[in-house]
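Beneath this line is the structure, given in structure tokens, with notes to follow.
In full-length UniProt numbering, the protein residues as written are 1 to 754.
In structure tokens, the structure reads:
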């Protein structure tokens, strides 16, 4: 033993006794040891109590969660062997520190998500609590019982009942419970925005990633995968309906009896909503300018209403909405700091998803002087039924919406501003009573509501060009369209015009049967004319260019023309202008966009809508994949060849030879065959009046305009579409006389090389 050690212990004498004077130090050390031992015991007891409290917390959380899961029709959590018994206090503490959810709650890793095989996140339980408060949950057992017994039924759920998000999930649960191969669920939505937003919400509720187990498929965009079991769809119903075993028709506004009869007197399930009373106000006299009246009403509510709450203003389209947003923001800012802050949010279908989600943002806070901050959502009729925006207390309803209208006699389909129906007006008013009592300001008279508005919106199939519908029905093998069991049979003239169009495009033969070309056209998510143009472009060695033009025609207008910079925008547009017209101008824009590496700044500098160009690029890629599937070559004519633009213009004629106008001696244009007097739209880049023009769109306003026009040669018409340009069926006009002369020359072979 070392001296140092001996000194620490006190020197030992031979008798084994310690040196005198060390007893006090020993007693101090003994007391210290006892104190430390007691501290350890107290710490151990404290740790035991903490662990017991954690166990009790987990037990209570498990019990409450099990009750919630059982009420939701989900299996309760399984009993688990706690890690506390086998782990040290240190490891137990670590486990708690890393498995703590929201608000200090211990997570429950034993509850496994059946779709991902991973533990549910704490957010799942937070959302589930809100889901269980929806009115629709009281009807889950009845819904499942009907689903088991019937192949189809009708469900009418009022606004805010939760039908849109919960019913598809219950269908997934039921389909997963059936024996045999697992089946998917398709849920159609009337609008693109609704399909995307509902898919995101349902994915959150199911605790999965959007695009995996839950996805959406809309025109030119597919956010789904092989794992998708619930798909939100917009335009895919017709071609997919044959694959599904059960059909559930649900809406807040549909004529339930009509659908029940159509589906062989199927059952009806009615679910009430969670609404509060809404006070309705009418104008004493009709408003001359509904946009101006709407803006004034928004500002007046924001300034004068003492009650908190957000506003929802319905307008007819993007142009009106953008104009209203700018003016409301500017005028409220001009009122000074005494007025509450305002957040203006536009909502229409062409907005990107991240901007659409802004409608769920909170309003600005109150100011120190008590002035109320408000959120104002300015929306198309998409906010009537497809989306629910909590916090809205005030609704402004001018009573108008844009509707598609088709005139089969002159083959013109246009979007016109028309009065809404009573059903739509009721839906709009109901948006004000979602969270508390609200107010709806109708900018029309009570007499107009009662006597002038229709009860329900006129079905779209009765006011649309049926070319695409007939092509899809033929693709599905439905040949007898005259006796087909339409819910709302279209007018015979509209149906015959569609058959005539498809026959001229060679999609149907003279017997009305689908041709090989028609079968291929049906696979493209395009109007028949565009589909024919894309396929035929291969014969003119310009399929690459026609793909780009088709993509540009399939997205919103790419040219931006701000009110405060119209002249600069027009000058920028003319930098892309092509002498032969608007279609080739669109091609120039797309090429320039790609050459400038899809630059956002380049788009801004040139007054180009970046979102439209990116959408066009996406559309082009999808169409390219369809062409590859049919082994359709993608090629181009040599740019240095004089035929480069000629071939593109000829390809345009293959699809749009029925939409041609001729310049008369009087100086106005006359549409071929239909003899409608029209003018070139002011937006055209054509700086001259070609004798013959092909147009993409007939626009009905105060005047008849043809929009997106290209200069063409009459020789191309009679050579590319001889069946349509059969002069024996042509009305007498200046165009017929000129075409007669051209045909005579062609037959004499004088113009055999055109």
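Cβ atoms here follow ideal geometry from the backbone N, Cα and C, with glycine treated the same way.
- Here residue 130 is not bridged, per DSSP, to any residue.
- Judged by DSSP secondary structure, residue 143 falls within the alpha helix (DSSP H) whose first and last residues are 140-149.
- Under the three-state reduction of DSSP, residue 537 is assigned to helix.
- The alpha-carbon of residue 258 is positioned some 10 Å away from that of residue 154.
- Residue environment analysis places residue 491 among the exposed positions, since fewer than 16 neighbouring C-beta atoms fall within 10 angstroms of its C-beta.
- The DSSP-derived three-state label of residue 589 is helix.
- Across the structure, residue 524 and residue 623 are spaced so that their CA atoms are roughly 7 Å apart.
- Listed in chain order, the alpha helix (DSSP H) elements of length 4 or more contained wholly in the region 252-299 are 256-262.
- Look at residue 111 here: in three-state DSSP terms it is coil, with no helix or strand label.
- Note: residue 250 is bridge-paired with 155 in the DSSP secondary-structure output.
- Cβ-Cβ distances below 8 Å link residue 508 to 474, 499, 502, 514, 515, 518 in the same chain, with the five nearest sequence neighbours on each side left out; the list follows chain order.
- In the DSSP assignment, residue 179 is bridged to no other residue.
- Following the DSSP letters along the chain, one finds residue 548 inside the alpha helix (DSSP H) bounded by residues 543-553.
- Residue 709 is a Cβ neighbour of residue 680, given a cutoff of 8 Å.
- Every beta strand (DSSP E) of 3 residues or more that sits fully in the region 338-403 is shown, in chain order, as 342-347, 374-379, 392-397.
- Three or more beta-carbon pairs separated by less than 8 Å are not found between the region 524-542 and the region 595-603, which leaves the two stretches without contact.
- By the Cβ neighbour-count rule, residue 148 is exposed, with fewer than 16 other Cβ atoms within 10 Å of its own.
- Ranked by Cα distance from residue 145, the first of 268, 164, 41, 213 is 268.
- In this structure, residue 395 lies near residue 440, with their beta-carbon atoms less than 8 Å apart.
- For the pair residue 405 and residue 387, the CB atoms are not nearer than the 8 Å cut-off.
- Residue 709 has 695 as its beta-bridge partners, per DSSP.
- Rounded to whole angstroms, the separation of the alpha carbons of residue 300 and residue 374 is 13 Å.
- Going by beta carbons, residue 159 and residue 198 fall outside the 8 Å limit.
- DSSP places residue 676 in the coil class of the three-state scheme, outside both helix and strand.
- Between residue 185 and residue 202, the beta carbon gap of about 10 Å keeps them out of contact (Cβ cut-off 8 Å).
- According to the DSSP assignment, residue 734 belongs to the alpha helix (DSSP H) that extends over 734-747.
- Using a Cβ-Cβ distance cut-off of 8 Å, the region 722-730 and the region 699-706 are not in contact, since fewer than three pairs of beta carbons, one from each stretch, lie closer than that value.
- Using a Cβ distance threshold of 8 Å, residue 392 and residue 462 do not count as a contacting pair.
- The DSSP-derived three-state label of residue 310 is strand.
- Taking the C-beta atoms as reference points, residue 604 is found no nearer than 8 Å to residue 444.
- In the structure shown, residue 417 falls within a strand segment according to DSSP collapsed to helix, strand and coil.
- Between residue 152 and the set 322, 245, 413, 556, the nearest pair of CA atoms involves 245.
- Per DSSP, reduced to three states, the secondary structure at residue 221 is strand.
- Counting the other Cβ atoms within 10 Å of the Cβ of residue 566 gives fewer than 16, which makes it exposed.
- In the displayed model, residue 703 falls within coil according to three-state DSSP, outside both helix and strand.
- Pairing residue 252 with residue 385 gives a Cβ-Cβ distance under 8 Å.
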